[in-house]
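*Asks:* Below is one structure. I have some questions about it.
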Ligand code: PAF
């Protein structure tokens, strides 16, 4: 399939590849020209958080690819694969305005053709007992599609947000374990004014839920401050959980972990600690994390 060029008189021009052959042709020409290539993997429905990843990519590479693919294998049955927001035309425009070069937006059949039978098996940070406890096959799906995207796009570096911190650690581990040769760059979470971490799923929140959603971040901040002031981990986490439950959240987990290995930590000060939380407001599941 040829790559249509999306032109905007104000913004840059962006190529759109819907298949791997087109993608490879464009990337091969950049490689021949000696360009450094960054990949920003995404599932689309771009917000300012994604655009901060693109901004970082542009600082580090001459060419930036944005992949947009709502990956079915990382959704469990009953999750929001069918209703996940899809807005390709708007995303391409936003990426063009941010100065990106190429959108790779394959169909499901291009990524998982008939007979597809290979999955990356993940352990270590993927089995930390955080997201994986509630979404057991999620990280195998993420790792498999990210490995494929790396093979398809052959980037020098790839940019991931700290918003999905466990995912970031899973990808870093996979890159080391499989010698994938892609530099992984982490970018801090972008937040709304009230502290809510930006996420494509925030648009599921009703106005009333949105007004309360930032309490998740507020609970993490209070817990972080308590730990920094010498509080013990158990009571600090219990207070955060209590505050969230009192505000109507159904808490899946709130935990303090080693920031690198994601292993449980018994006492503040014994390791670089990161706080992790996932909680549901109505039917929307929010996740967030914060360095202590
Ligand atoms: O973070 C995401 O948007 C997705 O998990 C990713 C990395 C694009 C893989 O589908």
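In my numbering, the protein residues as written are 29 to 320.
The beta-carbon is built from N, C-alpha and C at its ideal position, and this holds for glycine as well.
Quick caveat, the model's predicted, so the values are computed rather than measured.
1) Applying the criterion that 16 or more other CB atoms from any shown protein chain within 10 Å of the CB defines a buried residue, is residue 320 buried or exposed?
2) Check whether the region 256–265 touches the region 284–296, counting contact only when three or more Cβ pairs, one atom from each stretch, lie closer than 8 Å.
3) Relative to the C-alpha of residue 172, which candidate in 247, 313 and 144 has its C-alpha closest?
4) Would you mind reading off the limits of the beta strand (DSSP E) that contains residue 312?
5) Which of the three DSSP states, helix, strand or coil, is assigned to residue 266?
6) Would you decide whether residue 297 is buried or exposed? Buried here means 16 or more other CB atoms lie within 10 Å of its CB.
7) Taking 7 Å as the threshold (C-beta atoms), are residue 280 and residue 162 in contact?
8) Report the rounded CA-to-CA distance for residue 230 versus residue 220, giving the unit in angstroms.
9) Identify which residue in 174, 208 and 185 has its Cα closest to the Cα of residue 195.
10) Considering only residues of the region 58–101, which uninterrupted beta strand (DSSP E) runs meet the minimum length of 3 residues and lie entirely inside it, listed in chain order?
11) Could you check what DSSP says for residue 219 in three-state terms: helix, strand or coil?
12) Taking only three categories from DSSP, how would you classify residue 144?
13) Taking only three categories from DSSP, how would you classify residue 118?
*Replies:* Answer, in terms of the structure:
1) For the purposes of this step, residue 320 is taken as residue 292 along the chain shown, with counting starting at 1. Classification of residue 320: buried, given that the 10 Å Cβ count is 16 or more.
2) yes
3) Your numbering for residue 172 matches position 144 in the chain shown. Comparing Cα-Cα distances from residue 172 to each of 247, 313 and 144, the minimum goes to 144.
4) For the purposes of this step, residue 312 is taken as the residue at position 284 of the chain shown. Where residue 312 is concerned, the enclosing beta strand (DSSP E) starts and stops at 312–319.
5) Your numbering for residue 266 matches position 238 in the chain shown. In this structure, residue 266 counts as helix in the three-state DSSP scheme.
6) Along the chain shown, one-based indexing puts residue 297 at 269. Per the 10 Å Cβ criterion, exposed.
7) For the purposes of this step, residue 162 is identified with residue 134 of the chain shown, where counting begins at 1. For the purposes of this step, residue 280 is identified with residue 252 of the chain shown, where counting begins at 1. In contact: residue 162 and residue 280 (Cβ atoms closer than 7 Å).
8) Counting from 1 along the chain shown, the entry for residue 230 is found at position 202. Counting from 1 along the chain shown, the entry for residue 220 is found at position 192. In this structure, the alpha-carbon of residue 230 lies about 11 Å from that of residue 220.
9) Looking up residue 195 in the chain shown gives position 167. When each option's Cα is compared against that of residue 195, the closest is 174.
10) Fully enclosed beta strand (DSSP E) runs of 3 or longer: 65–70 and 91–96.
11) Here residue 219 corresponds to residue number 191 of the chain shown, with the count starting at 1. Note: residue 219 maps to strand in three-state DSSP.
12) One-based indexing of the chain shown puts residue 144 at position 116. Reduced to three states, the DSSP call for residue 144 is coil.
13) Counting from one through the chain shown, the residue named residue 118 turns up at place 90. Helix at residue 118.
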